[in-house]
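This report concerns only the one structure given below.
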Amino acid sequence: MPANPRNIQIADYNYPLPDERIARYPLPERDHSKLLIYRPGEAVTHRHFYDLPTLLPEGTLMVMNNTRVIQARLHFTKTTGALIEVFLLEPHTPRDYQQNFSSSDGVSWICMVGNLKKWKGEILQREITLTDGRTLTLRAERHAPCATGHVVTFQWDLPVSFAHILEAIGELPIPPYLNRATEESDLTTYQTVYSKIKGSVAAPTAGLHFTERVLADCRQRGIQLAEVTLHVGAGTFRPVKAENIGGHDMHAEWISVSRTLIEQLLAHGGHCIAVGTTSVRTLESLYYIGCLLHANPDAEDLHIPQWMPYDNPQTLTATEALTAILAWMDRTGNQTVQTATQIIIAPGYHYHIADTIITNFHQPQSTLLLLVSAFVRGDWHRIYDYALANDFRFLSYGDSSILFSEQYN
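Position one of the sequence shown corresponds to residue -16 (the working numbering), numbered consecutively onward.
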């Protein structure tokens, strides 16, 4: 493992991914996907995802990301005929997701803009017919660019929520590597069955394999189910273009963790099974939030920078870090931790809370593959070679894996 992850060569995390191995659509039954099983020092095997409950230790805690993908692509046509796409990234005003979605008198978002050169600054308009037959006019005005995109203000002339408008005209943003347009079926298949909190522009895809049957079987085996929220940003698809990952800037993502989850983690010794890399990033960020609050109980900025785990190594146990968060909640009256994280998990990282990971198969030379490599201590080639040799389906709509740590051997 390199002493400084910044020096990692991303080219070392490449593998051949034939185009035909990328799953363009999910299987008709979610839980019939293949499930690769990895245990350190043992041969890689596989079952089906519906077998998952039988593989999990009884009485453990499993944490899932309950974010829901929004219909974030909006299309406008100028009077000249030019098509402008506005891709919602994160709320600007109001900054709170729920307040923004419920607003009925205008909102602003940080957006990516397609065909930007054709949008000279004029206000774009689009007529919308709602499901109840009423018609409104939606207006979009572009402001000065910011670090992550362009601020766009939306206003409309009927007292309906912005969420209602998105449901009427927004397009669900499926991943670009699927190389196809969004279809009606994606509105269901590109959401987890437990999705609740609107805000993501990409699904936490490890969760797409769960069905109500699998969840019920987990509960029957005494596995406690818990939830966090991380709103997945478009940056999750951004490739690492720098030769060394030290030159890659991680995107910030909004997370929310409840007091209940903190207490559940403490009841399980500060450890859990994490469903998906988004849950992993949330849980490991939670550890560093606890470290911040342990060092400075009155800290107001709980944002986790990209390189904090490596520049400021911590010695707290997971229990000590989580206890510091509970103490902060007691002092402030907050029942949730809400902040942003830019954490990058790469070889050399020491995991603190997630000790089993359920995850899909990720793109070559991606930060998600680095996260997996860090967990399996560099043994990712064996996992991916097995998946390629056994006709696994890759990426968002593909098959999945369960990666155990040495604790469960």
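Glycine included, each C-beta is placed from N, C-alpha and C at the ideal position.
Keep in mind that this is a model prediction, so the values were computed, not measured.
{"query": "Over the uninterrupted beta strand (DSSP E) stretch that includes Gln108, give me the two end residues.", "result": "107 to 112"}
{"query": "Put Trp102 into one of helix, strand or coil per three-state DSSP.", "result": "coil"}
{"query": "Do the CB positions of Phe59 and Ala127 come within less than 8 Å of each other?", "result": "no"}
{"query": "Report all residues from its chain with a CB closer than 7 Å to the CB of Gln318; omit the five preceding and five following residues, and keep chain order.", "result": "Ser241, Arg242, Met312"}
{"query": "Does Arg221 come within less than 8 Å of chain C when only Cβ atoms are used?", "result": "The chain labelled as chain C is not found in the depicted structure, where only one protein chain is given."}
{"query": "Give the straight-line distance between the Cα atoms of Ala65 and Arg196, rounded to the nearest whole angstrom.", "result": "48 Å"}
{"query": "Please determine, among Met47, Leu72, Leu44, Asp34, the residue with the shortest C-alpha to C-alpha distance to Ala55.", "result": "Leu72"}
{"query": "CA-CA distance, His231 and Leu141?", "result": "43 Å"}
{"query": "Assign His364 to buried or exposed, taking buried as 16 or more other Cβ atoms, counted over all protein chains shown, within 10 Å of its Cβ.", "result": "exposed"}
{"query": "Rounding to the nearest angstrom, what Cα-Cα distance links Leu113 and Ala151 in this structure?", "result": "6 Å"}
{"query": "Using three-state DSSP, classify Asn83 as helix, strand or coil.", "result": "helix"}
{"query": "Could you check the C-alpha separation between Thr340 and Thr260 for me, to the nearest Å?", "result": "Thr is not the amino acid found at residue 340; the sequence shown has Ile there. Distance between the alpha carbons of Ile340 and Thr260: 8 Å."}
{"query": "Please name the residue, chosen from Leu309, Gln108, Ile67, that lies closest to Lys101 on a Cα-to-Cα basis.", "result": "Ile67"}
{"query": "Count the other CB atoms within 10 Å of the CB of Gln82; is the residue buried (16 or more) or exposed (fewer)?", "result": "exposed"}
{"query": "What's the call for Pro156, buried or exposed, on a 16-neighbour Cβ count within 10 Å?", "result": "buried"}
{"query": "Would you identify the three-state DSSP class for Phe387, choosing helix, strand or coil?", "result": "strand"}
{"query": "For Gln247, which residues of its own chain have a beta-carbon under 7 Å away from its beta-carbon, when the five flanking residues on both sides are left out?", "result": "Leu44, Gln207, Ala209"}
{"query": "Decide if the segment 182 to 192 is in contact with the segment 337 to 355; the criterion is three or more beta carbon pairs, one per stretch, under 8 Å apart.", "result": "yes"}
{"query": "Does DSSP put Asn(-13) in a helix, in a strand, or in coil?", "result": "coil"}
{"query": "Where do the ends of the alpha helix (DSSP H) carrying Ala127 lie?", "result": "No alpha helix (DSSP H) holds Ala127; the beta strand (DSSP E) holding it covers 118 to 129."}
{"query": "Please name the residue in Thr165, Ile148, Thr131 whose C-alpha comes closest to that of Trp395.", "result": "Outside the displayed span of the chain (-16 to 392) sits residue 395, for which this structure offers no information."}
{"query": "What does a CB cutoff of less than 8 Å around Ala310 pick up in its chain, not counting 5 residues either side in sequence?", "result": "Leu276, Pro280"}
{"query": "Around the C-beta of Gly216, are 16 or more other C-beta atoms found within 10 angstroms, so that it is buried, or is it exposed?", "result": "buried"}
{"query": "My output table needs one value for Phe137: the three-state DSSP class, helix, strand or coil.", "result": "strand"}
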